[in-house]
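One structure below.
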DNA sequence: CTAGCGTCA
DNA sequence: GAAGTGACGCTAG
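Residue numbers (the working numbering): -13 to 634.
Given below as structure tokens:
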């Protein structure tokens, strides 16, 4: 096929998805993305002789590939050759060594995987290094990601817009868009190079595009019936609580309305008059009595209503966001695939939406269900959104968690002897240890809530929480909080020195860097406004640690992805990334082998020779597995079962 | 304290 | 009336 040969020989390929409404990825974002109908590829050979006025050089050419499945009954006849042609071009795009450029390349890769899910394995996208100006733009200035292609172009292109949009045919607009995309990519690449961001871009972020595309193309099974049952259960529970609230209030009112609740609590029941010793929070703009959680907690001993409202809100939150919310993401299917965003977090972490997989409750919710069956009047049921996610038949979920990554990185970055000692001679889990010290109980008595509490306290202090905020978290007076803060920073003196060093550096150069060279510029670090300046200082410190942790987690994802992709037998797939935790779906028979591989791959990141990363602390990875995301139990891996040869 | 997304008034 | 906003609550460190 001539065209295929031409595409293979082209010096560069510039791609965009085309949607059924005629728009492309270069047009401003649609609210609800229309379905894809094809792919437009510009094959560039004349890299020097095109001008803004005549973007298409004499040796450049354009091809439109229809993405559409031929019905099975028609396959023996006409259109199958075209379908195969498109697939072959896609395969070539995935494996070519010449540059391929696509704005929002992840969407392109995912679309390819979805259209050819029968005969295009997700492993095939592993080696693909498609360039993406959206990613480059974000790396250059992660705090201000561009909202659309035009935005990005305006921000970086030296030349003014090529042709005025009015009166020009849509086709020529798209063509000149693709040409500008090519030049924009060149421009961004040179900027990355001059900022020292090239390695981070080409070795990490570009690989992430494939990892995320493969992750998005996977279908996560959800127990839809159970989800519907819990939706109904929570619905009846809310009705019960509403009735209880009306009874407690002595009147009907809309429990979801804070205005009406305020009237009941403070004008009818006058609860604020009965707690003059406590300070009740006020609403910010109107200085009215607040009905926030903090206020209701203060009032809960005076009257039954606040407690009922608190429980109502809790149930409502779970139902609307995590039960009905997930149901609405499923449409008529019985699976979901989240959207994973690479360019929305300043620190380099990734985020998820529809649904936000990273925010599903960790703890199940206990519901007491009143039912009028003889013998038992009350039944306690636990509602756990995570338990709704199920591996496919014959597969198991496996989670691998980097234990205390940020704190370990802080130990490394600060070289604090005390913090290093905790991690190099671990008698116990750090947060468990601290919790047992603070609460005066033995380590075995520390509950998971205690541990969680200790964790919040530690991170709050190291990221610069003020006295007021810290007293809220610790549950002590402001004065005690201050004392705690002082003694903490005295115990870990080098941590304090690291914080000061980082802020100073940010002051001098205007930006800070993570261990792998990720960069955040903080213009506000020199603001004349004290509050604004202090916030920038905290952001600088947080960026160095959080950003470095993100670097490690991404490296882990990529290495594991490459190991599995290049293995003939391994089939484990990444389901989700919970920042420091990777969740995989693994064939039952491969669980042990894969667990050992994941653990050793992740822990081996203590030393990354070619990047000059040598952490002063060991990395610890905890692995767990289960037949639902809600019921994972720890897996103990013998230390050296099979040391993998790390690819990079 | 720092990062997000989803829901609501 | 619809669309935008800030507070809150869930997550992760």
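Think of the CB as a built atom: it goes at the ideal place given N, C-alpha and C, for glycine as much as any other residue. Fair warning: this is a prediction, and the values are worked out from it, not measured in the lab.
Closest Cα partner of residue i within the set the options
i: residue 191; options: 21, 553 and 119; result: 119
i: residue 392; options: 406, 384 and 383; result: 406
i: residue 561; options: 314, 112 and 204; result: 204
i: residue 384; options: 489, 582, 474 and 101; result: 582
i: residue 483; options: 443, 3, 106 and 397; result: 397
i: residue 127; options: 187, 88 and 95; result: 187
i: residue 216; options: 312, 604, -6 and 159; result: 312
i: residue 447; options: 435, 434, 430 and 473; result: 473
i: residue 261; options: 513, 71, 284 and 249; result: 284
i: residue 450; options: 240, 436, 486 and 434; result: 486
i: residue 369; options: 504, 104, 352 and 379; result: 352
Close-in-space but distant-in-sequence residues of the same chain around residue i (CB under 6 Å, 5 per side omitted)
i: residue 558; result: 550, 570, 572 and 580
i: residue 91; result: 116, 118 and 195
i: residue 355; result: 365 and 367
i: residue 624; result: none
i: residue 413; result: none
i: residue 641; result: Absent from the model: residue 641. The displayed extent of the chain is -13 to 634, so no value can be given.
i: residue 131; result: 124 and 329
i: residue 634; result: At residue 634, the pLDDT of 49 sits below 50, so the modelled position is not reliable; the number obtained from the coordinates is stated separately. Counting only Cβ-Cβ distances below 6 Å, and skipping sequence neighbours, we find nothing.
i: residue 0; result: 28, 87, 164, 167 and 168
i: residue 79; result: 86
First and last residue of the uninterrupted beta strand (DSSP E) at residue i
i: residue 620; result: 619 to 621
i: residue 24; result: 22 to 30
i: residue 565; result: First-last for residue 565: undefined, no H or E at that position.
i: residue 387; result: 381 to 388
i: residue 680; result: The requested residue 680 does not occur in the structure, where the chain is confined to residues -13 to 634.
i: residue 18; result: Premise fails: residue 18 is in no beta strand (DSSP E) and is neither H nor E.
i: residue 337; result: 337 to 339
i: residue 710; result: The structure shown does not extend to residue 710, since the chain spans only -13 to 634, so no value can be given for it.
i: residue 1; result: -2 to 5
i: residue 325; result: 325 to 327
Residues near residue i in its chain [Cβ-Cβ closer than 7 Å; skip 5 each side]
i: residue 212; result: 374
i: residue 635; result: Any property of residue 635 remains undetermined from this structure, which presents the chain solely from -13 to 634.
i: residue 316; result: 208, 210 and 322
i: residue 193; result: 544
i: residue -8; result: 29 and 47
i: residue 227; result: 294, 297, 298 and 301
i: residue 440; result: 417, 420, 421 and 424
i: residue 603; result: 394, 397, 398, 406, 409 and 410
Cβ pair residue i, residue j closer than 8 Å
i: residue 5; j: residue 26; result: no
i: residue 287; j: residue 607; result: no
i: residue 292; j: residue 282; result: yes
i: residue 536; j: residue 508; result: no
i: residue 334; j: residue 496; result: no
i: residue 129; j: residue 462; result: no
i: residue 491; j: residue 481; result: no
i: residue 125; j: residue 183; result: yes
i: residue 3; j: residue 97; result: yes
i: residue 46; j: residue 18; result: no
i: residue 467; j: residue 475; result: no
i: residue 443; j: residue 460; result: yes
i: residue 518; j: residue 510; result: yes
i: residue 81; j: residue 113; result: yes
i: residue 15; j: residue 134; result: yes
i: residue 644; j: residue -10; result: Residue 644 lies beyond the residue range present for the chain, which begins at -13 and ends at 634; the question has no answer from this structure.
i: residue 189; j: residue 381; result: no
i: residue 231; j: residue 241; result: yes
Residue i: first and last residue of the uninterrupted alpha helix (DSSP H) it sits in
i: residue 516; result: 516 to 551
i: residue 49; result: Counting along the chain, residue 49 falls outside any alpha helix (DSSP H), though it belongs to the beta strand (DSSP E) covering 47 to 52.
i: residue 311; result: 310 to 316
i: residue 440; result: 434 to 448
i: residue 245; result: 244 to 248
i: residue 239; result: Neither: residue 239 is in no alpha helix (DSSP H) and is coded neither H nor E.
Proximal residues to residue i (C-beta, below 8 Å), its chain only, five neighbours per side dropped
i: residue 180; result: none
i: residue 299; result: 279
i: residue 77; result: 106 and 110
Every unbroken beta strand (DSSP E) within the stretch 161 to 225, with a cutoff of 3 residues, ordered by chain: With a minimum length of 3 residues, the unbroken runs of beta strand (DSSP E) contained wholly in the stretch 161 to 225 fall at 206 to 208.
Inside the stretch 62 to 148 only - alpha helix (DSSP H) runs reaching at least 4 residues: Entirely contained in the stretch 62 to 148, the alpha helix (DSSP H) runs reaching 4 residues are, in chain order, 66 to 81, 91 to 101, 119 to 126 and 135 to 142.
Start-end ranges of the beta strand (DSSP E) lying completely within the stretch 579 to 616, minimum 3 residues: You should have 607 to 612.
Ordered list of beta strand (DSSP E) runs contained in the stretch 456 to 511, each at least 3 residues: Correct list: 497 to 499 and 505 to 507.
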